[in-house]
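Residue numbering for the sequence shown follows my numbering, starting at 16 and increasing by one per position.
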Amino acid sequence: MTSPAPAGTGEKSGRHASVRGRRDRIVTLVREQGFMAIGTLAETFDVTPQTIRRDINALTDQGLLQRHHGGAGPMLSTENVDYTNRKILCLREKQIIAQLVAQHIPPRSSLFINMGTTNEEVAKALTRHDRLRVITNNLNVAKTLSSNDGLEVIVAGGVVRHKDGGIVGESTIEFIRQFKVDYGIIGISGVDMDGTLLDFDYREVTAARSIMDNSRKVFLVTDHSKFGRNAMVRLGNIKEVDAMFTDETPPAELVEVMKQNGVALHVAK
Numbered sequence: 016m017t018s019p020a021p022a023g024t025g026e027k028s029g030r031h032a033s034v035r036g037r038r039d040r041i042v043t044l045v046r047e048q049g050f051m052a053i054g055t056l057a058e059t060f061d062v063t064p065q066t067i068r069r070d071i072n073a074l075t076d077q078g079l080l081q082r083h084h085g086g087a088g089p090m091l092s093t094e095n096v097d098y099t100n101r102k103i104l105c106l107r108e109k110q111i112i113a114q115l116v117a118q119h120i121p122p123r124s125s126l127f128i129n130m131g132t133t134n135e136e137v138a139k140a141l142t143r144h145d146r147l148r149v150i151t152n153n154l155n156v157a158k159t160l161s162s163n164d165g166l167e168v169i170v171a172g173g174v175v176r177h178k179d180g181g182i183v184g185e186s187t188i189e190f191i192r193q194f195k196v197d198y199g200i201i202g203i204s205g206v207d208m209d210g211t212l213l214d215f216d217y218r219e220v221t222a223a224r225s226i227m228d229n230s231r232k233v234f235l236v237t238d239h240s241k242f243g244r245n246a247m248v249r250l251g252n253i254k255e256v257d258a259m260f261t262d263e264t265p266p267a268e269l270v271e272v273m274k275q276n277g278v279a280l281h282v283a284k
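So, in structure tokens, the structure goes:
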């Protein structure tokens, strides 16, 4: 990914760039440098320190940066944004991704849908489908899909997480392993530039791993904010996925990994 031109060398990134574009480049800089001071960022993007503070606050709320006194650093790999905030972050992007995924799921298919706010939007997009058989470890997905009596919804057993309605534990894994379905739809907290798929909760990753292993095709659904995002637990690699559905073209390095491994890329517009 290309870093912003230094202040005073011609192009001033902040003058004409959108807020989103500036914030994306701030995230890139912080990940590359490890820490960036507010003053340095303000000079680099030719905006006021107050503007940079607002950017840092917004990016911290999204789980993309860690706010520090006088600047920002990379997000901690052990802490995710809480569920309530995740539901509204990049909501429009998640909705258009979900609509695109739904177009690739034919009627009468069998599928897994795991935990995650993007997957919950996928469930909403699938409610008008005909005769799907859906196995899920997400109570929110099950509730959404059960509104259509033409869909069969099978809920995994296990421990219910109060924070987000996810179902985890050994019994969840054993239940998932009883099936072999057409499509496995998984979400993720972070995708590294080498294609590593990352998440925060070991129990959630274990369930997602079982879904990948027992699906004929695996669809990864993720919005652009997850590219390069840190998380502690390794799920696998993008090469194990058949297709990625997202809202923006990933960084060139990640796109190259996908091309080399025959992973289809679908960008929602």
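Just so it is clear, CB atoms sit at the ideal spot from N, CA and C, and this is done for glycine as well. Note that the structure is a prediction, hence the values are computed from the model and not measured.
With a CB to CB cut of under 7 Å and the five nearest residues on each side skipped, what residues in its chain are close to residue i?
i, result
"ALA22", "Reliability fails at ALA22, whose pLDDT of 38 lies under 50, so the model's placement of it is uncertain and the value that follows must be treated cautiously. Hits under 7 Å: GLU58, THR59 and ASP61."
"THR211", "ARG249 and ASN252"
"ASP39", "none"
"THR142", "THR159, LEU160, SER162 and ASN163"
"SER240", "GLN77, LEU79 and CYS105"
"ALA222", "ASN129, ASN152, VAL183, THR187, ILE188 and ILE191"
"MET51", "LEU44, VAL45, GLY86 and ALA87"
"ASN134", "ILE128, ASN153, VAL156, ILE200, GLY202 and VAL236"
Under 6 Å Cβ to Cβ from residue i, same chain only, skipping five residues before and after it: list those, please.
i, result
"GLY172", "SER186 and PHE190"
"LYS139", "THR159"
"ALA113", "GLU136, VAL137 and ALA140"
"GLN275", "none"
"GLN246", "The displayed chain sequence assigns Ala, not Gln, to residue 246. SER92, SER204, GLY205, LEU213, ASP214 and PHE215."
With respect to the alpha helix (DSSP H) encompassing residue i, which residues constitute its N-terminal and C-terminal limits?
i, result
"SER172", "For the record, residue 172 in the displayed sequence is Gly; it is not Ser. No alpha helix (DSSP H) contains GLY172, which DSSP labels as neither H nor E."
"SER186", "185-191"
"THR159", "154-160"
"ARG107", "106-118"
"LEU141", "Run containing LEU141: none; DSSP gives neither H nor E here."
"LYS274", "267-275"
Within this structure, are the beta carbons of residue i and residue j separated by less than 8 Å?
i, j, result
"GLY205", "ARG176", "no"
"LEU235", "MET273", "no"
"VAL307", "VAL233", "Because residue 307 is not part of the residues shown, which for the chain are 16 to 284, the question remains open."
"LYS237", "GLY202", "Rather than Lys, the amino acid found at residue 237 in this sequence is Thr. In this structure, GLY202 lies closer than 8 Å to THR237 by Cβ."
"ILE169", "VAL183", "no"
"VAL196", "SER225", "no"
"GLY181", "MET130", "yes"
Residues bridged to residue i by DSSP?
i, result
"MET259", "LEU235 and LEU280"
"TYR198", "LEU126 and LYS232"
"PRO89", "LEU80"
"THR151", "ILE128 and VAL170"
"ASN252", "THR211"
"ALA52", "GLY86"
From what residue to what residue does the beta strand (DSSP E) around residue i run?
i, result
"GLN48", "It is not in any beta strand (DSSP E) - GLN48 instead sits in the alpha helix (DSSP H) that spans 34-48."
"THR63", "It is not in any beta strand (DSSP E) - THR63 carries neither H nor E in the DSSP assignment."
For residue i, which residues from the same chain have a beta carbon less than 8 Å from its beta carbon, with the 5 sequence-adjacent residues on both sides left out?
i, result
"PRO122", "HIS144, ASP145, ARG146 and LEU147"
"VAL42", "LEU74, LEU79, LEU80 and GLY243"
"LEU126", "ILE120, LEU147, ARG148, VAL149, ILE150, VAL196, ASP197, TYR198, GLY199, ILE200 and SER230"
Inspect the CB distances between the stretch 255-275 and the stretch 63-78 and report whether three or more fall short of 8 Å.
-> Note that the stretch 255-275 does not touch the stretch 63-78; fewer than 3 beta-carbon pairs, one per stretch, sit closer than 8 Å.
If we count Cβ pairs, one from each stretch, closer than 8 Å, do we get three or more for the stretch 108-124 versus the stretch 78-90?
-> At 8 Å Cβ cutoff, the stretches do not touch.
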